[in-house]
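Residue numbers (full-length UniProt numbering): 1 to 277.
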Amino acid sequence: MRLTTKIVLGIIAAVFLSAIGYICYLSLSYDGEKKTGLILKEETAGIDISGQKVIEIYADTIPMKDGRGNKDRYYVIFDGHINIQPVTNEGEKGKLEIPEQLKEYLEISTLHDKTILRVKTAELLADHYKNEIPYPAAIRGLNITVYADSCVDIRSRVDGLRANVQGLKAGSINIDILRGDLNIENCEADIITPIIRDWGSFVMKNSKTKVFNADLDYLQNWRIEQCDIDTENLTGSGNHNIILPASECRVMNWNPKNEKASLNVSLGSDTARVVFP
Numbered sequence: 001m002r003l004t005t006k007i008v009l010g011i012i013a014a015v016f017l018s019a020i021g022y023i024c025y026l027s028l029s030y031d032g033e034k035k036t037g038l039i040l041k042e043e044t045a046g047i048d049i050s051g052q053k054v055i056e057i058y059a060d061t062i063p064m065k066d067g068r069g070n071k072d073r074y075y076v077i078f079d080g081h082i083n084i085q086p087v088t089n090e091g092e093k094g095k096l097e098i099p100e101q102l103k104e105y106l107e108i109s110t111l112h113d114k115t116i117l118r119v120k121t122a123e124l125l126a127d128h129y130k131n132e133i134p135y136p137a138a139i140r141g142l143n144i145t146v147y148a149d150s151c152v153d154i155r156s157r158v159d160g161l162r163a164n165v166q167g168l169k170a171g172s173i174n175i176d177i178l179r180g181d182l183n184i185e186n187c188e189a190d191i192i193t194p195i196i197r198d199w200g201s202f203v204m205k206n207s208k209t210k211v212f213n214a215d216l217d218y219l220q221n222w223r224i225e226q227c228d229i230d231t232e233n234l235t236g237s238g239n240h241n242i243i244l245p246a247s248e249c250r251v252m253n254w255n256p257k258n259e260k261a262s263l264n265v266s267l268g269s270d271t272a273r274v275v276f277p
């Protein structure tokens, strides 16, 4: 091969590799804000929820039209935590904390003993991006802290919002979230009921409860570690498989939702007693 041919091929190869590198660079760094999304600042504001037993959290969807004129909803990525922790001083009683930046974009209403929080998604993103909201858009740092001293009943329909319950002693802990991870650690309650809709992992560690309720239709990926459970109530409508170590609970009840539901239980080497009613 002639020297000139080698030079030409070398130039072509260099241009090709440069183009590939540039494309990779663009894919990683082009319009970084759109990829990262709106990040809410850490400054917080308090909300009084005294006397309310249930907290429901929603985020408005953004309607859009596809090329054929059909309406659909704008896809928005939410990232954040619902942190449930015990009251440590009088100022925290009946309070929850939200990002200060979110306050003017949050609609708060009450219904009987329920507090309803609704994020005004379209207004928040429109004010942030000024011109055109990117697709997909993202709101990050959506962190909510709930101070609890008796019963906890939180229902989140914000896609991807995770929940953590730490060091809480309560009558009941009921957490119902959508496509997010749920962790309960170092807690004590008479009744614990976790629900994760669609997908997400559930972990409970170093906790104690008289009754643990699990709908297996809403707990696909879950584990319990070093917990003291008197009675474990399981239900479901499909075919489910669980591994049940003797240390997990003293009594397990299976209450199928329909005739087609089934539960396969794998027992370890521990001695167990199975009783049918």
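All residues carry an ideal CB built from backbone N, CA and C; glycine is no exception.
Just to confirm the assignment, what range does the alpha helix (DSSP H) spanning residue i have?
| i | result |
| --- | --- |
| H81 | No alpha helix (DSSP H) contains H81, which is instead part of the beta strand (DSSP E) from 81 to 86. |
| E43 | No alpha helix (DSSP H) contains E43, which DSSP labels as neither H nor E. |
Report the rounded CA-to-CA distance for residue i versus residue j, giving the unit in angstroms.
| i | j | result |
| --- | --- | --- |
| K120 | Y74 | 13 Å |
| A45 | P99 | 6 Å |
| V265 | L178 | 27 Å |
| E132 | I57 | 26 Å |
| M252 | I39 | 44 Å |
| S207 | Q226 | 7 Å |
| I84 | L267 | 33 Å |
| H128 | A272 | 59 Å |
| V274 | N255 | 15 Å |
| P245 | D60 | 43 Å |
| Y218 | I191 | 17 Å |
| T36 | G180 | 19 Å |
| S27 | P63 | Below a pLDDT of 50, predicted positions are generally treated as unreliable, and S27, at 47, falls in that range; the measurement from the model is reported next regardless. Their backbone Cα atoms lie some 27 Å apart in a straight line. |
| G238 | A214 | 14 Å |
| C249 | E232 | 6 Å |
| G51 | R157 | 22 Å |
| S150 | K93 | 11 Å |
| T193 | R155 | 12 Å |
| K130 | W222 | 42 Å |
| K260 | P134 | 45 Å |
| E43 | D270 | 51 Å |
| T209 | S247 | 13 Å |
For residue i, which residues does DSSP report across the bridge?
| i | result |
| --- | --- |
| C151 | S172 |
| G180 | Partner(s): none; G180 has no beta bridge. |
| L263 | H240 |
| R223 | V203 |
| A163 | I82, L182 |
| N233 | N213, N253 |
| T115 | I55, T110 |
| P277 | Answer is none; P277 lacks a bridge partner. |
| T145 | N83, E97 |
| S247 | Looking at the DSSP assignment, S247 forms no beta bridge with any residue, so it has no partner. |
| L38 | I139 |
| D270 | Bridge partners of D270: none, in fact. |
Tell me whether the beta-carbon of residue i lies closer than 8 Å to the beta-carbon of residue j.
| i | j | result |
| --- | --- | --- |
| K53 | D153 | yes |
| D228 | V211 | no |
| A189 | G171 | yes |
| K95 | I49 | yes |
| D198 | F78 | no |
| A139 | I47 | Position check: residue 139 holds Ile in this sequence, whereas Ala was assumed. Cβ distance not < 8 Å, so I139 and I47 don't count as in contact. |
| G167 | N143 | no |
| A164 | H81 | According to the sequence displayed, residue 164 carries Asn and not Ala. Contact flag set, yes. |
| V87 | A137 | no |
| I173 | I184 | yes |
| T145 | E97 | yes |
| I242 | L263 | yes |
| G236 | L216 | yes |
| I55 | T115 | yes |
| Q101 | K41 | yes |
| F202 | L234 | no |
| I175 | M204 | no |
| Y105 | L117 | no |
Over the uninterrupted beta strand (DSSP E) stretch that includes residue i, give me the two end residues.
| i | result |
| --- | --- |
| T121 | First-last for T121: 121 to 129, but that is the alpha helix (DSSP H), not the beta strand (DSSP E). |
| P256 | 251 to 256 |
| H240 | 239 to 244 |
| Y135 | Segment: none, Y135 is in no beta strand (DSSP E) and carries neither H nor E. |
| I49 | Looking at the DSSP string, I49 is not in any beta strand (DSSP E), and its letter there is neither H nor E. |
| E97 | 95 to 99 |
Tell me, please, whether the CB atom of residue i is closer than 8 Å to any CB atom in chain C?
| i | result |
| --- | --- |
| V87 | Among the protein chains of the structure shown there is no chain C, as only one such chain exists. |
Is there at least one non-hydrogen atom of the ligand NAD closer than 7 Å to the beta-carbon of residue i?
| i | result |
| --- | --- |
| D230 | Among the components modelled here there is no ligand, and therefore nothing to report on the ligand NAD. |
*Those runs of the beta strand (DSSP E) which lie wholly inside the segment 184 to 219 and span at least 3 residues*: Counting only runs that start and end inside the segment 184 to 219, the beta strand (DSSP E) elements of at least 3 residues fall at 188 to 197, 201 to 205, 208 to 215.
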